[in-house]
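Taken in order, the sequence shown gives residues 5 to 120; the numbers are from my numbering.
I have placed the structure first, in the form of structure tokens, so that the comments after it can refer back to it.
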Amino acid sequence: SGPTPGHCVCLVDLDQNESFLVDCGFGDGLREPVPLSCKSNKQVVKDRTLGDTHTLAATSDYGPDFNTVYLRGKANANATMMHDLNGTPQPGSEPTDPRPAHIFNDTNDLAMDSTG
Numbered sequence: 005s006g007p008t009p010g011h012c013v014c015l016v017d018l019d020q021n022e023s024f025l026v027d028c029g030f031g032d033g034l035r036e037p038v039p040l041s042c043k044s045n046k047q048v049v050k051d052r053t054l055g056d057t058h059t060l061a062a063t064s065d066y067g068p069d070f071n072t073v074y075l076r077g078k079a080n081a082n083a084t085m086m087h088d089l090n091g092t093p094q095p096g097s098e099p100t101d102p103r104p105a106h107i108f109n110d111t112n113d114l115a116m117d118s119t120g
């Protein structure tokens, strides 16, 4: 199975120059912020708690509504609620290489100003 399309993601602008993906998942999501710059510089963010790896890649493989794919590599075969929600298979017993988990459009911004 491929990545989950249309997943609502939280992108946070921490300063004028960088946005971060801060949450993506159902209880086993990101524990480390992933900079959107990972799309262009191929940076991999390692979860210091679980050892999972997270990165982003530009994509046109899923149609015009999605320009970014979030890839996750599992360090441990920990379970996720995703298999109950949408029928995805249970994780195997071995660590996984990064694989597509979610697709989203990082330019579809529902901006919120928390200052006022």
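A virtual CB, placed ideally from N, CA and C, is assigned to each residue, including glycine.
Keep in mind it's a predicted model, so treat the numbers as computed, not measured.
query                                                                                                                                                         : result
Check the C-beta distance from residue 24 over to residue 70 and give it rounded, since I have them as a contact under 8 Å.                                   : Their Cβ separation, rounded to whole angstroms, is 19 Å, which puts residue 24 and residue 70 out of contact at 8 Å.
Within its chain, find whatever has a CB closer than 8 Å to the CB of residue 41; leave out the 5 residues flanking it on each side and keep chain order.     : 22 and 47
If you measure between the beta carbons of residue 63 and residue 77, is that distance less than 7 Å?                                                         : no
Assuming residue 60 and residue 103 are in contact, meaning their beta carbons sit under 8 Å apart, how far apart are those beta carbons, in whole angstroms? : Rounded, the Cβ-Cβ distance is 13 Å, inconsistent with contact.
Which residue wins for smallest C-alpha separation from residue 15, given the options 99, 7, 39 and 51?                                                       : 39
Where do the N-terminal and C-terminal ends of the beta strand (DSSP E) with residue 23 fall, by residue?                                                     : 22-27
In whole angstroms, give me the CA-to-CA distance for residue 99 and residue 55.                                                                              : 10 Å
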